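Remarks on the structure that follows.
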Amino acid sequence: MSDLTPVETWRAAVLGYWEGLDLQAAKQGQATGVKDTGNRAAVTGGKQMDAMQEVVAKLWRDDPDITLEVRTTGHNNLPAYFRPAKNWDLLVLYRGSLIAAMEFKSQRGPSFGNNFNNRTEEALGLAADSQMAVERGLFGQLKPWFGFIMLVERAPGSLSAVKVPKNMPFPADPIFEGASYIGRYKIFFERMVKEGNYDAVALLTAESGSEHFTEPSVSLSLANLEAAIRARIAYIKTLPDDVFDELTH
1 MSDLTPVETW RAAVLGYWEG LDLQAAKQGQ ATGVKDTGNR AAVTGGKQMD
51 AMQEVVAKLW RDDPDITLEV RTTGHNNLPA YFRPAKNWDL LVLYRGSLIA
101 AMEFKSQRGP SFGNNFNNRT EEALGLAADS QMAVERGLFG QLKPWFGFIM
151 LVERAPGSLS AVKVPKNMPF PADPIFEGAS YIGRYKIFFE RMVKEGNYDA
201 VALLTAESGS EHFTEPSVSL SLANLEAAIR ARIAYIKTLP DDVFDELTH
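Numbering (full-length UniProt numbering), first residue to last: 1 to 249.
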């Protein structure tokens with residue numbers, strides 16, 4: 001029998017995302033009296049993924065055989081290579097040393113094109129910066145585990161096929177022909193994991209206001225992400241303390 005997190009828990013987190021958007025839209029601008037227009041008032045609030053973060057934080061905290069410190073609020077800065085630091089959404093530490101870092105992002109309509117480019121460029125830049133920091137020894141000898149969760153609104157704009165530019169000096173990879181923005185996210189994150197840029201990614205899609213989500217790729221599923229997290233915890237538990245300390249300092 002599987003001991004994975006019940007689907008109802010994940011559904012509640014997805015619903016919490018939409019409720020968080022509504023709350024941010026209501027609160028945004030109260031202090032200054034100036035509000036963003038349209039959906040921007042909600043998405044600039046920055047707290048809408050808190051429910052999802054807390055479910056994942058619980059995964060890291062719940063192993064009875066090891067006590068991990070999980071940080072989801074405040075400044076969770078880590079050293080980077082191309083810039084001084086990057087503030088992550090979730091950090092996991094053991095004996096004062098980093099073992100994992102995760103980012104939580106979302107996209108809702110209607111501007112799927114621009115936001116898709118922004119989100120993928122952010123994820124790509126973060127991965128490049130972090131991997132270079134690893135290679136330059138900024139995290140010690142123990143490579144941190146990097147994870148990512150992406151939630152995308154299911155809507156006509158994210159489900160419809162997107163045209164691939166034809167006026168390029170070389171043709172685009174055929175895999176992108178006929179792909180929607182959700183399809184492009186699937187390709188993007190599958191390749192990011194395959195190339196070792198992230199250790200595990202979960203890609204979820206849901207209609208606005210709905211708790212019911214779909215997972216476009218089994219390799220980007222919550223079950224796969226949770227298994228990867230549990231495997232990382234098992235690895236850290238197996239390391240003797242003196243070996244762990246030598247790897248991390």
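Ideal Cβ positions, reconstructed from N, Cα and C, are used throughout, including at glycine. Note that the structure is predicted; figures quoted are calculated from it, not measured.
Buried or exposed: where does residue i fall if 16 or more other Cβ atoms within 10 Å of its Cβ makes it buried?
i: phenylalanine 170; result: exposed
i: glycine 113; result: exposed
i: phenylalanine 82; result: exposed
i: isoleucine 66; result: exposed
i: residue 250; result: For the chain, the structure presents residues 1 to 249; residue 250 sits outside this window and is missing.
i: asparagine 117; result: exposed
i: methionine 168; result: exposed
i: valine 218; result: exposed
i: tyrosine 235; result: exposed
i: glutamate 103; result: buried
i: valine 152; result: buried
Tell me which residues share the same chain as residue i and place their Cβ nearer than 7 angstroms to its Cβ, disregarding the 5 neighbours each side in the sequence.
i: phenylalanine 139; result: Leu98, Ala133
i: glutamine 131; result: Asn197
i: serine 180; result: Ser158, Leu159, Ser160, Ala161, Val162
Residues in its own chain within less than 6 angstroms of residue i by CB, not counting five upstream and five downstream?
i: tryptophan 18; result: Gly209
i: alanine 12; result: none
i: alanine 80; result: Lys86, Asp129, Ala133
i: valine 14; result: Ala206, Glu211, Phe213
i: histidine 249; result: none
i: valine 70; result: Ala57, Trp60, Arg61, Val92
i: valine 201; result: Phe148, Phe189, Val193, Leu220
Determine which residues share a DSSP beta bridge with residue i and list them.
i: glutamate 122; result: Looking at the DSSP assignment, glutamate 122 forms no beta bridge with any residue, so it has no partner.
i: asparagine 87; result: Asn77
i: lysine 105; result: Met150
Please tell me whether residue i has its Cβ less than 8 angstroms away from any Cβ of chain D.
i: threonine 238; result: Chain labels in this structure do not include chain D; a single protein chain is all it has.
Kindly indicate the opening and closing residues of the beta strand (DSSP E) around residue i.
i: glutamine 48; result: No beta strand (DSSP E) holds glutamine 48; DSSP gives it neither H nor E.
i: threonine 205; result: 200-206
From what residue to what residue does the alpha helix (DSSP H) around residue i run?
i: leucine 247; result: 241-248
i: valine 193; result: 181-194
i: glutamate 226; result: 222-238
i: leucine 151; result: Careful: leucine 151 lies outside any alpha helix (DSSP H), inside the beta strand (DSSP E) at 145-153.
i: glycine 157; result: 156-159
Residues in its own chain within less than 8 angstroms of residue i by CB, not counting five upstream and five downstream?
i: valine 164; result: Ala172, Phe176, Glu177
i: arginine 232; result: Ile99, Ala100, Trp145, Asp199
i: asparagine 224; result: Ala200, Ala202, Val218
For the stretch 229-244 and the stretch 204-219, state whether three or more C-beta atom pairs, one from each stretch, are separated by less than 8 angstroms. Three or more Cβ pairs closer than 8 angstroms define a contact, and the stretch 229-244 falls short of that threshold against the stretch 204-219.
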